[in-house]
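Inspection log for the structure reproduced underneath, given as structure tokens.
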Amino acid sequence: MKKSLLVLFFLVFFFCISFAQNLKKANPFHIIPEPVSVSLQKGAFVLNDETHVIADSKSSDIASLLAQMLNESFGFHFVSKKENVSTKENAIAFQINNKSDASLGNEGYNIQISPKKIILSANTAHGLFYGIQTLMQLLPASNSHAQTKNISLKIPSAVITDYPRFGYRGMMLDVSRHFFSKDFIKKYIDEMAKYKFNLFHWHLTDDQGWRIEIKGLPQLTSIGAWRVPRTGQWGTFEEPQPNEKATDGGFYTQDDIKEIVNYARQRFIAILPEIDVPAHSLALIASYPNLSCTRKQYDVSPQYTPDSLDDVLCVANDSTWLILDKIFAQVAQLFPYQYIHTGGDEANRKFWMKDPKDIALMQKEGIKTPAELQSYFEKKLEKLIISKGKKMIGWDEIVEGGLAPEAVVMSWRGMKGGIEAAKQGHQVIMTPILETYLSRKQGDASVEPFGPGLLRLSTCYNFEPVPEGVDPKLILGGQASTWTEKIPNYRHLEYMTWPRAMAISEVLWSPKSSRSWNDFANRVERHFSYLDADSVKYSRSVYDPIITAVKGTDDSMKIELTTEMPGLIIYYTFDGTDPDNFYPNYSGEPLDIPKGASEIRAVAYKNGKVVSRQINKLLNDLKTDLAKKKN
Ligand code: ACM
18 MKKSLLVLFF
28 LVFFFCISFA
38 QNLKKANPFH
48 IIPEPVSVSL
58 QKGAFVLNDE
68 THVIADSKSS
78 DIASLLAQML
88 NESFGFHFVS
98 KKENVSTKEN
108 AIAFQINNKS
118 DASLGNEGYN
128 IQISPKKIIL
138 SANTAHGLFY
148 GIQTLMQLLP
158 ASNSHAQTKN
168 ISLKIPSAVI
178 TDYPRFGYRG
188 MMLDVSRHFF
198 SKDFIKKYID
208 EMAKYKFNLF
218 HWHLTDDQGW
228 RIEIKGLPQL
238 TSIGAWRVPR
248 TGQWGTFEEP
258 QPNEKATDGG
268 FYTQDDIKEI
278 VNYARQRFIA
288 ILPEIDVPAH
298 SLALIASYPN
308 LSCTRKQYDV
318 SPQYTPDSLD
328 DVLCVANDST
338 WLILDKIFAQ
348 VAQLFPYQYI
358 HTGGDEANRK
368 FWMKDPKDIA
378 LMQKEGIKTP
388 AELQSYFEKK
398 LEKLIISKGK
408 KMIGWDEIVE
418 GGLAPEAVVM
428 SWRGMKGGIE
438 AAKQGHQVIM
448 TPILETYLSR
458 KQGDASVEPF
468 GPGLLRLSTC
478 YNFEPVPEGV
488 DPKLILGGQA
498 STWTEKIPNY
508 RHLEYMTWPR
518 AMAISEVLWS
528 PKSSRSWNDF
538 ANRVERHFSY
548 LDADSVKYSR
558 SVYDPIITAV
568 KGTDDSMKIE
578 LTTEMPGLII
588 YYTFDGTDPD
598 NFYPNYSGEP
608 LDIPKGASEI
618 RAVAYKNGKV
628 VSRQINKLLN
638 DLKTDLAKKK
648 N
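Per our numbering, the very first residue in the sequence shown carries number 18; after that it's consecutive.
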């Protein structure tokens with residue numbers, strides 16, 4: 018008897034497990050970032066013209082935002098109303114929890130979808146805002162904007178509970194190397210909000226342009242914001258010619274900044290302003306030449322600053338500190354966020370060693386190395402930032418020579434700087450170059466626009482912000498960082514951003530345990546339709562064949578073909594013709610190279626349709642790659 022009960026127990030147990038797994042497999046949702054938990058139920062809610070959008074007294078703004086989003090996407094005519102949530106049917110109801118749910122925190126939310134109603138609840142409006150981003154992803158993409166009649170959209174019944182893994186989920190944009198208008202910044206912020214990013218790191222100054230109006234320092238925007246126009250390959254540009262007019266650039270007025278800060282705040286995005294000092298300061302120095310070590314008059318640079326050119330502020334100069342005080346006082350006033358990013362990266366410290374004033378300062382203060390002089394600068398700067406009521410964030414170079422006492426470190430040269438800072442008890446934001454720099458190419462160099470290095474979508478997805486052995490509480494989060502030397506227009510910025518920023522959003526929001534590349538890759542495909550509907554440009558490099566040379570057991574070179582996107586069929590040729598789905602397909606076994614072949618071409622298909630670009634590789638180049646790998 019006992020034995021048969023035990024057998025029955027195991028049968029029921031395995032049935033439940035397999036049912037739960039089938040439910041997961043059958044999950045019809047494709048939410049990015051993946052929520053903490055999704056539990057599917059029976060039935061579905063039907064959204065139609067008769068649906069009510071209702072709110073309690075604290076959530077009416079968010080309810081009307083959802084009504085507006087649904088109207089714009091599907092041609093509904095919803096107007097949100099304050100009504101009793103418990104009595105109404107065919108309703109989407111918003112509630113701020115009377116008693117705070119500790120597990121949801123400030124940004125979490127709960128969605129209960131049943132055939133009768135959808136209830137969105139959260140502790141804060143911020144949480145509800147993320148709830149509506151998720152809700153919109155339960156609906157199809159639509160660019161109808163048209164008056165669609167009798168539309169009815171089915172949403173499967175489910176309970177979704179969700180909250181973020183990290184509090185800092187950022188995206189950085191460099192507006193110095195190329196200027197992006199106020200309207201483009203708003204568009205960028207709109208797209209960030211859909212993927213639950215909460216921090217816009219605005220790199221406002223660099224050698225190639227100063228982008229923020231500072232009252233009382235007019236030359237920053239009359240001189241520092243402009244450079245000579247150059248088009249083509251960054252890195253090959255001609256230096257400014259005598260009497261050539263600087264007409265390329267722009268800046269944000271203080272009114273523009275206030276408008277953008279407010280726009281971002283309404284989307285629950287804080288703005289971290291960056292004023293990059295003591296280096297990357299050529300635009301500042303071109304405006305006020307007495308600030309540099311050489312005190313020479315320079316032009317704002319139209320491209321990379323040559324190593325011979327002094328873009329570093331003189332540390333010992335009183336004028337440096339007078340101007341920094343003026344700048345940071347206004348920056349602190351304009352941006353409500355508690356932190357200011359003060360740069361600190363890539364200082365060409367050799368110029369300090371040529372400057373009598375800086376050498377005298379080092380002797381007076383017992384400073385032995387240029388790195389220690391930078392540390393002196395950063396500590397003095399931190400005092401200035403604190404005096405303006407803010408805290409300081411700096412790139413990981415500020416770890417060298419001794420950290421300022423309360424500084425937060427943004428680790429970009431890998432994770433090392435962040436690990437070192439955390440060991441010293443400092444808070445850290447991770448943006449390692451090889452995993453989060455969206456300025457890098459996202460596919461094969463032969464088909465990608467001009468740019469540095471390689472960062473594939475799957476590499477972004479595998480980024481882990483908390484290194485082993487580090488106290489996770491010190492890792493505030495991470496960010497996707499986009500430097501724009503080689504991004505001359507907004508369409509290309511979109512191409513470089515999406516879908517890789519989706520991968521970073523999932524890394525920063527979703528539980529580490531739920532990460533699955535195959536699952537994410539399938540969801541990303543569905544999100545391409547949202548980007549299409551929003552006319553956002555994006556890269557489809559994830560479909561492209563990746564051609565790699567490997568060594569066979571007999572020492573001969575063989576060819577491996579893969580794609581990042583799972584489930585594709587790759588067709589190839591060695592005979593110099595363009596492959597399609599009538600050519601041989603790749604079985605997974607590395608390919609032998611036919612005698613006489615000098616090139617391989619490959620293309621990927623899904624469901625009988627070509628989905629990738631064609632990748633061509635010369636076998637000699639692959640041979641060189643293989644030799645490099647061996648060394
Ligand atoms: C950096 O990429 N120079 C922070």
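Backbone N, C-alpha and C define an ideal beta-carbon position, used for all residues, glycine too.
- Taken from the Cβ of residue 515, every heavy atom of ligand 1 lies 7 Å or farther away.
- Set against 7 Å, the gap from the CB of residue 362 to the closest heavy atom of ligand 1 is smaller.
- A distance criterion of 7 Å places the beta-carbon of residue 412 in contact range of ligand 1, judged by its closest non-hydrogen atom.
- Within the stretch 242-270, no alpha helix (DSSP H) run of at least 4 residues lies entirely inside it.
- Of the residues 212, 333, 245, the one whose Cα lies closest to the Cα of residue 254 is 245.
- If you ignore the 5 residues before and after residue 237, its C-beta comes within less than 6 Å of the C-beta of 227, 231, 304, all in its own chain and listed in chain order.
- In this structure, residue 421 lies near residue 395, with their beta-carbon atoms less than 8 Å apart.
- Residue 291 and residue 106 have their C-alpha atoms spaced approximately 49 Å apart.
- Within the chosen limit of 7 Å, ligand 1 reaches the beta carbon of residue 429 through at least one heavy atom.
- Remark: three or more beta-carbon pairs, one from each stretch, lie closer than 8 Å, so the stretch 616-624 and the stretch 572-589 are flagged as touching.
- Residue 358 is bridged by DSSP to 291, 410.
- For residue 476, no beta strand (DSSP E) segment is defined; the enclosing uninterrupted segment is the alpha helix (DSSP H) at 474-478.
- Our two residues, residue 574 and residue 613, have alpha carbons roughly 14 Å apart in a direct line.
- Residue environment: residue 355 is assigned as exposed (fewer than 16 neighbouring CB atoms within 10 Å of its CB, all protein chains considered).
- Classified as buried, residue 70 has 16 or more neighbouring CB atoms from the shown chains inside 10 Å of its CB.
- By the beta-carbon neighbour count (other beta carbons within 10 angstroms, threshold 16), residue 211 is buried.
- Every beta strand (DSSP E) stretch that sits fully inside the stretch 77-137 and reaches 3 residues is listed by chain position as 108-113, 126-130.
- The alpha-carbon separation between residue 144 and residue 109 amounts to approximately 16 Å.
- Rounded to whole angstroms, residue 484 and residue 519 show a C-alpha spacing of 21 Å.
- Approximately 15 Å separates the beta-carbon atoms of residue 319 and residue 259; this is outside 8 Å, ruling out the contact.
- Relative to residue 326, the option among 360, 369, 503, 288 whose CA is nearest is 369.
- A contact is defined here as three or more CB-CB pairs under 8 Å, and the stretch 402-411 meets this definition with respect to the stretch 343-360.
- Contact annotation: residue 329 and residue 310 have beta-carbon atoms nearer than 8 Å.
- Within the same chain, 73, 75, 76, 138, 139, 140, 141, 142, 145 come within 8 Å of residue 113 by CB-CB distance, once the 5 residues on both sides are set aside.
- Around the beta-carbon of residue 548, 16 or more other beta-carbon atoms lie within 10 Å, marking it buried.
- Between residue 503 and residue 468, the CB-CB gap stays under 8 Å.
- For the options 224, 401, 313, the alpha carbon positioned closest to that of residue 341 is the one of 401.
- In the DSSP secondary-structure assignment, residue 496 is bridged to 187.
- Annotation for residue 336: 305, 307, 308 place their beta carbon closer than 8 Å to its own, counting only its chain and skipping 5 residues before and after.
- Beta bridge pairing from DSSP links residue 509 with no other residue.
- Beta-bridge pairing by DSSP links residue 616 to 635.
- Within the same chain, and ignoring the five residues on either side of residue 450 in sequence, the residues whose Cβ sits closer than 6 Å to its Cβ are 429.
- Setting aside the 5 residues that flank it on each side, residue 487 is surrounded in the same chain by 436, 439, each with a C-beta closer than 7 Å to its C-beta; the list follows chain order.
- Within the DSSP bridge table, the entry for residue 56 names 176 as partners.
- Comparing C-alpha distances from residue 556 to each of 474, 562, 550 shows the shortest one belongs to 474.
- Selection 578, 633, 563, 529 evaluated against residue 50 yields 529 as nearest (Cα-Cα).
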